[in-house]
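Each residue of the sequence shown is one higher than the one before, starting from 0 at the first, in numbering that gives the first Met the number 0.
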Amino acid sequence: MLGSTNLVLAAPRDIVATLSTAYTSNPEILTAQRNIYATHEEIPIALQRFMPRLNAAAEAGSSYLSAQRYRDVAPQDLRQRIRTMGLTLSQPIYDGQAIPGYRAANALVLRARAQLLQAEEAVLQDAAISHINILRDREILRLRDAYLVLLRNLAAVTERLVESGDRTVGDLAQVRAQEARALSAQLQARRDIALAEAAYLRAVTIPAGELAPPVLRYQLPTTIDIAVATARTDNSRVLLLRVDETLARERAAQSAGLLQPRVDLVVSGQSGRGVDYYRAGLPSPSSYGERGAVMLQLTVPLYPGPGDFARLRQDREQVLARIAEQGNAGNRAAEDASVAMTRLITARQLIDVAGRAVQAQNLSVQVIMREIEARRRQLQDQLYAEQFLLDARVEQVAARAEEASAAFSLLNAMGALSAKSLDLPVPLFDPEQDLRATRWRVIGLSRAPGRR
Numbered sequence: 000m001l002g003s004t005n006l007v008l009a010a011p012r013d014i015v016a017t018l019s020t021a022y023t024s025n026p027e028i029l030t031a032q033r034n035i036y037a038t039h040e041e042i043p044i045a046l047q048r049f050m051p052r053l054n055a056a057a058e059a060g061s062s063y064l065s066a067q068r069y070r071d072v073a074p075q076d077l078r079q080r081i082r083t084m085g086l087t088l089s090q091p092i093y094d095g096q097a098i099p100g101y102r103a104a105n106a107l108v109l110r111a112r113a114q115l116l117q118a119e120e121a122v123l124q125d126a127a128i129s130h131i132n133i134l135r136d137r138e139i140l141r142l143r144d145a146y147l148v149l150l151r152n153l154a155a156v157t158e159r160l161v162e163s164g165d166r167t168v169g170d171l172a173q174v175r176a177q178e179a180r181a182l183s184a185q186l187q188a189r190r191d192i193a194l195a196e197a198a199y200l201r202a203v204t205i206p207a208g209e210l211a212p213p214v215l216r217y218q219l220p221t222t223i224d225i226a227v228a229t230a231r232t233d234n235s236r237v238l239l240l241r242v243d244e245t246l247a248r249e250r251a252a253q254s255a256g257l258l259q260p261r262v263d264l265v266v267s268g269q270s271g272r273g274v275d276y277y278r279a280g281l282p283s284p285s286s287y288g289e290r291g292a293v294m295l296q297l298t299v300p301l302y303p304g305p306g307d308f309a310r311l312r313q314d315r316e317q318v319l320a321r322i323a324e325q326g327n328a329g330n331r332a333a334e335d336a337s338v339a340m341t342r343l344i345t346a347r348q349l350i351d352v353a354g355r356a357v358q359a360q361n362l363s364v365q366v367i368m369r370e371i372e373a374r375r376r377q378l379q380d381q382l383y384a385e386q387f388l389l390d391a392r393v394e395q396v397a398a399r400a401e402e403a404s405a406a407f408s409l410l411n412a413m414g415a416l417s418a419k420s421l422d423l424p425v426p427l428f429d430p431e432q433d434l435r436a437t438r439w440r441v442i443g444l445s446r447a448p449g450r451r
């Protein structure tokens, strides 16, 4: 008895699977996530200005002194061997850069998260559009393949009719010319598929394979005004520049702190031993010494140099630049949302128009074919009608792809194309746990646990 093998065909990959794979596998997103880990270390760096420093110092060595005879004092040579050890504890009491530096470190963390959101949205948009483009180009290729088969069959029929005298050589030449143009369009469609599949591989990191048509289950705005208002506040570029403005202000405050006094509490202790050797070579008794001090150290920068003043002026100009750049980013986000919404509305209208055009051209082809059989029309009319029908079908496919592409562009412009906003079925990257583990990690060189 022969055994049977069950072949399980993989289901076509839908748009959610494409976006999920891109989110978990794309190296640009992984790079941005690891940049967040690196930025978290800015918090302990900033805390260093608040925390004490403990230093140990030790010295060991010898010195030589040669004294000449002076009046009644005999000349002598002296060698000394000295060993000392000490500890110094320094605790900052007031540092003008400490608080602005800590706030700047937190702003850097927020900036890294905004950059991750920007990278995430760019990757997901590329993945979605490449998914849509592959489906569009494959469907267009299918239409062009079918059209080319039709023309080749029509050429074979026309060739037989020419031999029987029912068609002219000119009719056959027209069919062959149309066939050549269709073949050229077919080759271009294959090229477009190859380019779209390459873009898919770059964004999703796996070959395209079989894909399912996208289902737009995401909530979209109903008017351009709503889309523009949302984009001005939630666009990832706007959010990034908003954080950049905060960071620029804190850095200006840091530069101002350089010009302020600094107060430190310094506690130090030192112990040492010394042995003296005279010319006779006999050592003197060892001497011991201990020293301790508690000092309040005040440092006032009377004139630190031109660089610190220039740095403060520069940072203040950077604040104004970030404010201007933020306004420009809001305008660009509004423009992107308006353009995407217009594309979406137009694509939906084109889908309706193209559908009616396909129906009309189908009817036109059927009528013309009957009239050609009745010898009331020429073959050229059928060629034109078939070409118009193909164009209408291609426009219909392109309009559907444009609708989906515009929808994802609109989500990107409004800052709603992240894995969290799309509710993708994947584990979301959460930097909060790593931030809590890193914030007070004031000692140690190993990589924090749990990092990807």
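All C-beta atoms, glycine included, are put in the ideal place defined by N, C-alpha and C.
query: Do Arg34 and Gln114 have their C-beta atoms within less than 8 Å of each other?
result: Contrary to the premise, residue 34 reads as Asn rather than Arg in this sequence. Yes; because the gap between Cβ atoms is below 8 Å, this pair is in contact.
field: Beta-bridge partners of Leu264, as assigned by DSSP
entry: Beta-bridge pairing links Leu264 to Gln90 and Leu295.
message: Judging by CA-CA distance, which residue of Val168, Arg110, Ser183 and Thr20 is the nearest neighbour of Gln124?
response: Comparing Cα positions, the closest option is Thr20.
query: According to DSSP, is Gln269 helix, strand or coil?
result: Residue state, collapsed to three classes: strand.
query: Nearest chain D C-beta to Gln360 closer than 8 Å, yes or no?
result: Absent from the structure is chain D; it holds one protein chain and no more.
- prompt: Residues in its own chain within less than 7 Å of Pro51 by CB, not counting five upstream and five downstream?
  reply: Here the set comprises Leu88, Ser89 and Gln90.
- request: Report buried or exposed for Gly329, applying the criterion of at least 16 other Cβ atoms within 10 angstroms of its Cβ.
  value: Buried.
Backbone secondary structure at Ile442 - three-state DSSP: Ile442 sits in coil when the DSSP states are folded into three classes, being neither helix nor strand.
- prompt: With DSSP run on the structure shown, which of helix, strand or coil describes Thr83?
  reply: Here Thr83 carries a strand assignment [DSSP, helix/strand/coil].
- prompt: Can you tell me the Cα-Cα spacing of Tyr304 and Gln313, whole angstroms?
  reply: The displayed chain sequence assigns Gly, not Tyr, to residue 304. Gly304 and Gln313 have their C-alpha atoms some 15 Å from each other.
message: Taking the straight line between their C-alpha atoms, what separation do you get for Ile128 and Arg369?
response: Taking the CA atoms as reference points, Ile128 sits about 42 Å from Arg369.
message: With a threshold of 8 Å, are at least 3 pairs of Cβ atoms found where one atom belongs to the stretch 338 to 356 and the other to the stretch 395 to 405?
response: The stretch 338 to 356, when compared against the stretch 395 to 405, does touch it at the 8 Å Cβ threshold.
Alpha-carbon to alpha-carbon, Gln358 and Leu153: Approximately 22 Å between the Cα atoms of the pair.
Extent of the continuous alpha helix (DSSP H) run through Ser254: From DSSP, the alpha helix (DSSP H) with Ser254 extends over Ser235 to Gly256.
Simplified DSSP assignment, three categories, for Leu427: In this structure, DSSP gives Leu427 a state outside helix and strand, which the three-state scheme calls coil.
message: Restricting to Cα atoms, I'd like to know which of Leu18, Val393, Ile92 and Gly169 is closest to Arg48.
response: Of the residues Leu18, Val393, Ile92 and Gly169, the one whose Cα lies closest to the Cα of Arg48 is Ile92.
- prompt: Touch check for the stretch 22 to 40 and the stretch 101 to 119: three-plus C-beta pairs under 8 Å?
  reply: Contact holds between the stretch 22 to 40 and the stretch 101 to 119, because three or more Cβ pairs, one in each stretch, are under 8 Å apart.
message: Distance check for Val122 and Ile28, CA to CA, integer angstroms please.
response: Spanning the two alpha carbons is a distance of roughly 8 Å.
field: Expected contact under 8 Å - CB spacing of Val265 and Gln296 to nearest Å
entry: Rounded to the nearest angstrom, the Cβ distance from Val265 to Gln296 is 5 Å, consistent with a contact under 8 Å.
- prompt: When the Cα atoms are used, what is the spatial distance from Ser3 to Leu210?
  reply: Any answer about Ser3 is weak, because its pLDDT of 39 lies below 50 and its placement is not dependable; what the coordinates show is given next. Between the alpha carbons of Ser3 and Leu210 lies a distance of about 29 Å.
- request: Tell me whether Glu209 sits in a helix, a strand or coil according to DSSP, three-state version.
  value: In the structure shown, Glu209 sits in coil (DSSP, three-state: anything other than H, G, I, E or B).
Alpha carbon of Thr17 to alpha carbon of Gln381, nearest angstrom: When rounded, the distance between both Cα atoms is 42 Å.
query: Just the Cα atoms here: how many angstroms apart are Arg190 and Ile98?
result: Arg190 and Ile98 have their C-alpha atoms some 58 Å from each other.
task: Would you mind sorting Pro206 into buried or exposed? The rule is 16 or more other CB atoms within 10 Å of its CB.
output: By the Cβ neighbour-count rule, Pro206 is exposed, with fewer than 16 other Cβ atoms within 10 Å of its own.
message: Checking 8 Å against the spacing of the C-beta atoms, do Ala336 and Leu409 come in under that value?
response: Yes, they are a contact pair.
- request: Would you give the residue range spanned by the alpha helix (DSSP H) that Gln187 belongs to?
  value: Residues Val168 to Val203.
field: Other residues of its chain near Thr38: CB distance less than 6 Å, five sequence neighbours each side excluded
entry: Within the same chain, Thr38 has close Cβ partners Leu107, Val108 and Ala111.
- prompt: What is the DSSP secondary structure of Tyr217, counted as helix, strand or coil?
  reply: Secondary structure at Tyr217: coil, using DSSP grouped into helix, strand and coil.
- prompt: Excluding the five sequence neighbours on either side, which residues of its own chain have a C-beta within less than 8 Å of the C-beta of Ile133, listed in chain order?
  reply: For Ile133, same chain residues with a beta-carbon under 8 Å away, outside a window of 5 residues either side, are Ile192, Ala195, Glu196, Tyr199, Ala207 and Leu210 in chain order.
- request: Output the distance between the C-alpha atoms of Leu427 and Leu150, rounded to the nearest integer angstrom.
  value: A direct Cα-Cα distance of roughly 52 Å separates Leu427 from Leu150.
- prompt: Based on the DSSP output, what are the partners of Tyr287 in its beta bridges?
  reply: DSSP, once it has assigned bridges, lists Arg272 as partnering Tyr287.
task: Please report the residue range of the alpha helix (DSSP H) in which Ala320 lies.
output: Unbroken alpha helix (DSSP H) run through Ala320: Pro305 to Glu372.
field: Neighbourhood of Arg455 by C-beta, 6 Å cutoff - its chain only, sequence neighbours within 5 removed
entry: Any question about residue 455 goes unanswered here, given that the chain covers just 0 to 451.
task: With DSSP as the reference, please indicate the residues paired to Gly60 in a beta bridge.
output: Paired residue(s): Ile81.
task: For the alpha helix (DSSP H) holding Thr157, just list the boundary residues, first then last.
output: That run of the alpha helix (DSSP H) goes Ala97 to Ser163.
message: Short of 8 Å in beta carbon distance, which residues of its chain neighbour Leu423, apart from the five on each side in sequence? Order them along the chain.
response: Listed in chain order, the non-local C-beta contacts of Leu423 below 8 Å within the same chain comprise Val15, Leu18, Ser19 and Tyr22, local neighbours out to five positions each way being set aside.
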